[in-house]
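First the structure, in the form of structure tokens, and then the observations on it.
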Amino acid sequence: QQQVKQSPQSLIVQKGGISIINCAYENTAFDYFPWYQQFPGKGPALLIAIRPDVSEKKEGRFTISFNKSAKQFSLHIMDSQPGDSATYFCAASIIKAAGNKLTFGGGTRVLVKP
Amino acid sequence: NAGVTQTPKFQVLKTGQSMTLQCAQDMNHNSMYWYRQDPGMGLRLIYYSASEGTTDKGEVPNGYNVSRLNKREFSLRLESAAPSQTSVYFCASSVPNQPQHFGDGTRLSIL
Chain A
1 QQQVKQSPQS LIVQKGGISI INCAYENTAF DYFPWYQQFP GKGPALLIAI RPDVSEKKEG
61 RFTISFNKSA KQFSLHIMDS QPGDSATYFC AASIIKAAGN KLTFGGGTRV LVKP
Chain B
115 NAGVTQTPKF QVLKTGQSMT LQCAQDMNHN SMYWYRQDPG MGLRLIYYSA SEGTTDKGEV
175 PNGYNVSRLN KREFSLRLES AAPSQTSVYF CASSVPNQPQ HFGDGTRLSI L
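In order, the protein sequences belong to chains A and B.
Heads up, the first sequence is in the working numbering, so the first residue is 1 and it goes up one at a time.
Heads up, the second sequence is in the working numbering, so the first residue is 115 and it goes up one at a time.
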């Protein structure tokens, strides 16, 4: 049972375009929603994260939108660049639970064409 | 600035062999984690250690054991490797209420 569902599995976007990745979760106790970026041969690295008390968070070209009632959140990559080509994972956790365990979505492979 | 260091980076085993994956962090983090990454399934938690001296099962613990050797080191052991355990294994660490930091993984193939 996958508690965090991510779509699409892959995405091709032209340089300068917008990449949009969506995630849906089931456990209403989740209260921390990070996005990780992973390059080939490397471990995931935190990109941006949001708590459910805000509906949007922006850091540079990356924006998280959060819809608590729909139990959905999304990552928007504005002005996509070839260097953004990577696999992106959404995740969720209960931040005060022992160990702050993350539940990951299945990942989205993004390819930005020059 | 090593962060989270995993050894080895690559390993090929035969079915039934045993192996220990090593992980060490130099960030003085309390919590450490082991995940496996399989295509289309994201990362799944195998075991975690919320603090030195404690370990708990994650989502997919069967076939694995762990040891929190000290605050810095957290090892993952496969006692009798099976082809279904072919995967990329990631170790991570964190402090409470902060993001997890990941190592670069161990790529394990079991024939």
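Beta carbons are placed, not taken as given, at the ideal position from N, Cα and C, and that holds for glycine.
No experiment lies behind these values; they were computed from the predicted model shown.
Q: Measure the Cβ-Cβ separation of serine 194/B and serine 132/B and say whether it is below 8 Å.
A: On the second sequence, residue 194/B is found 80 positions in, with the first residue counted as 1. On the second sequence, residue 132/B is found 18 positions in, with the first residue counted as 1. Yes, these two residues count as a Cβ contact at 8 Å.
Q. According to DSSP, is proline 197/B helix, strand or coil?
A. As a first step, residue 197/B must be located in the second sequence, where it is residue number 83. Looking at proline 197/B - three-state DSSP - the assignment turns out to be helix.
**Q.** Reduced DSSP category for methionine 170/B - H, G, I as helix; E, B as strand; rest coil
**A.** Within the second sequence, residue 170/B is the residue found at index 56, counting from 1. Per the sequence shown, the amino acid found at residue 170/B is aspartate instead of methionine. Note: aspartate 170/B maps to strand in three-state DSSP.
**Q.** Contact between the segment 1-15 of chain A and the segment 106-114 of chain A (3+ Cβ pairs under 8 Å)
**A.** yes
Q) Using a Cβ-Cβ cut-off of 6 Å (strictly less than) and excluding sequence neighbours within five positions of threonine 134/B, which residues of its own chain qualify? A) Here the question's residue 134/B lines up with position 20 in the second sequence. Correct list, in chain order: Ser189, Arg191.
**Q.** Boundaries of the beta strand (DSSP E) in which threonine 119/B is found, first to last residue
**A.** Along the second sequence, one-based indexing puts residue 119/B at 5. First-last of the beta strand (DSSP E) with threonine 119/B: 118-121.
Q. If we count the other Cβ atoms within 10 Å of its Cβ and call it buried at 16 or more, is isoleucine 18/A buried or exposed?
A. Residue numbering aside, residue 18/A sits at position 18 when the first sequence is read from its first letter. Burial call: exposed.
**Q.** chain B contact for phenylalanine 73/A (CB, 8 Å cutoff)
**A.** The residue given as residue 73/A occupies position 73 in the first sequence. So no, phenylalanine 73/A is outside the interface.
Q.
Helix, strand or coil for proline 82/A? Go by DSSP, reduced to three states.
A. In the first sequence, the residue the question calls residue 82/A occupies position 82. Helix at proline 82/A.
Q: Determine the chain A residues that contact asparagine 211/B at a beta-carbon separation under 8 Å, and present them in chain order.
A: Here residue 211/B is taken as the residue at index 97 of the second sequence, counted from 1. Result: Ile95, Lys96, Asn100.
Q) Is the shortest distance between the beta-carbon of methionine 141/B and the beta-carbons of chain A less than 8 Å? A) By 1-based counting over the second sequence, the position of residue 141/B is 27. By this cut-off, methionine 141/B is not an interface position.
Q: Could you check the C-alpha separation between proline 197/B and serine 55/A for me, to the nearest Å?
A: Counting from one through the second sequence, the residue named residue 197/B turns up at place 83. Counting from one through the first sequence, the residue named residue 55/A turns up at place 55. About 43 Å.
Q) Under a CB-based cut-off of 8 Å, is tyrosine 110/B close to chain A? A) Lying before the first or after the last residue shown, residue 110/B is absent from chain B, which here runs from 115 to 225.
**Q.** Residues bridged to lysine 58/A (per DSSP)
**A.** By 1-based counting over the first sequence, the position of residue 58/A is 58. According to DSSP, which records beta bridges pairwise, lysine 58/A is partnered with Thr63/A.
Q | C-alpha gap between aspartate 170/B and isoleucine 21/A, whole angstroms | A | Residue mapping note: residue 170/B aligns to position 56 of the second sequence, counting from 1. Residue mapping note: residue 21/A aligns to position 21 of the first sequence, counting from 1. Approximately 32 Å, taken between the alpha carbons.
Q) Is leucine 46/A near proline 210/B, with beta carbons less than 8 Å apart? A) Translated into the one-based positions of the first sequence, residue 46/A becomes position 46. Translated into the one-based positions of the second sequence, residue 210/B becomes position 96. Not a contact, by the Cβ cut-off of 8 Å.
Q. What did DSSP end up calling histidine 143/B once you bin it into helix, strand or coil?
A. The residue labelled residue 143/B in the question sits at position 29 within the second sequence. Three-state DSSP puts histidine 143/B in coil, outside helix and strand.
Q.
At the level of alpha carbons, what is the spacing between leucine 155/B and aspartate 140/B?
A. Residue 155/B sits at position 41 when you count from the first residue of the second sequence. Residue 140/B sits at position 26 when you count from the first residue of the second sequence. Looking at the sequence shown, residue 155/B is not leucine but methionine. Cα to Cα, the separation comes out at about 29 Å.
Q: Let me know the secondary structure DSSP gives alanine 24/A once reduced to three states.
A: Taking the first residue of the first sequence as 1, we reach residue 24/A at position 24. Note: alanine 24/A maps to strand in three-state DSSP.
Q) By the criterion of Cβ-Cβ separation under 8 Å, what are the contact partners of serine 208/B in chain A? A) Your numbering for residue 208/B matches position 94 in the second sequence. By Cβ distance, chain A contributes Asn100.
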